[in-house]
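Heads up: the structure comes next, in structure tokens.
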């Protein structure tokens, strides 16, 4: 599923960025999980300007 691929790549990018700015690995994992969870919950509210 395309959504899963986007989530995986986005999660990796967010995680790497958080580590780069000095967030601990555990905090980065928690933040990524929270971010993905919130985006999934609000997915129906997100509209694409490309469609």
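In the numbering used here, the protein residues as written are 4 to 54. All C-beta atoms, glycine included, are put in the ideal place defined by N, C-alpha and C. What you are looking at is a predicted structure, and each value in this text was computed from that prediction instead of being measured.
Which residue wins for smallest C-alpha separation from residue i, given the options the options?
| i | options | result |
| --- | --- | --- |
| residue 36 | 17, 8, 6 | 17 |
| residue 13 | 47, 38, 25, 24 | 38 |
| residue 7 | 47, 43, 26 | 43 |
Would you decide whether residue i is buried or exposed? Buried here means 16 or more other CB atoms lie within 10 Å of its CB.
| i | result |
| --- | --- |
| residue 21 | buried |
| residue 31 | buried |
How far does the alpha helix (DSSP H) with residue i in it reach, from first residue to last?
| i | result |
| --- | --- |
| residue 27 | Neither: residue 27 is in no alpha helix (DSSP H) and is coded neither H nor E. |
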